[in-house]
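Data block below; observations after.
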Amino acid sequence: MPMYTCRPAQSEDYQTICTFVETEDELYFMFPSGKFPLQAGQLEQNAKNRWCPTIVEDESGIAGYANFYGYEEGKQCHLGNVIVAPAHRGQGAAAFLIRTMITKASAELNVPRLLLVCHSTNPRALLFYDKLGFKPFALSKKLNFRGEAIVGISMEKLLEQP
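Sequential numbering of the sequence shown, starting at 1, is according to the UniProt record's numbering.
See below:
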């Protein structure tokens, strides 16, 4: 299994991250308001309004990316823009990245609650987040990029405070 580390995202990383998105469905899961094909400038501009844009990497390079949005001091934040390189899926990169983001939410942003929205059409991610301790608490109707109704499943993880 690869040895992963995390670091803050840098401007030159966004072009590589964009290559991880192979389909319009993947883009919708990762960045619902993004336009396919995803462009580095679009993702970097989005990151300017986010907290803790984070890269997971190994010796071969960037393996994944995530950030936070909707930060409410002392209350909560949302996990967003999660994507893992196709070659690193199923290799532990996603778990390493999300565990790092959980630690950052607790230790750096000092929030007791980490939220995310996962779509009903992404069962692999739903099961993954459940395995990491996220629990569903609300449903909302959303329209995907095709205009089809899908369900957004809001999930939360209560965090230990440092």
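Ideal Cβ positions, reconstructed from N, Cα and C, are used throughout, including at glycine.
- Counting only runs of 4+ residues, the alpha helix (DSSP H) found wholly inside the UniProt domain "N-acetyltransferase" (4-160) occupies 14-18, 24-30, 40-47, 93-107 and 123-131, in chain order.
- A contact is defined here as three or more CB-CB pairs under 8 Å, and the stretch 97-104 fails this definition with respect to the stretch 38-47.
- The beta carbon of F128 sits closer than 7 Å to those of A94, all from its chain and outside the five residues before and after it, given in chain order.
- When C-beta atoms of the stretch 16-23 are compared with those of the stretch 57-73, three or more pairs fall below 8 Å, so the two segments count as touching.
- A contact between stretches requires three or more CB pairs, one per stretch, nearer than 8 Å, and the stretch 81-90 fails this requirement with the stretch 130-144.
- At a Cβ-Cβ threshold of 9 Å, P112 and L159 count as neighbours.
- Non-local beta-carbon contacts of A105 in its own chain, meaning distances under 7 Å to residues more than five positions away in sequence, involve F68, C77, V111, L114 and L159 in chain order.
- For the pair F20 and A125, the CB atoms are not nearer than the 9 Å cut-off.
- Comparing alpha carbon positions, the residue from V82, L132, T121 and Y71 closest to E108 is Y71.
- Residue burial is scored here from C-beta neighbours: L143 has fewer than 16 other C-beta atoms within 10 angstroms and is therefore classed as exposed.
- With a beta-carbon spacing of about 15 Å, Y4 and V82 fall beyond the 8 Å limit used to define contacts.
- Take G80, set aside five residues on each side of it, and the residues of its chain with a beta-carbon closer than 6 Å to its own are N67 and Y69, in chain order.
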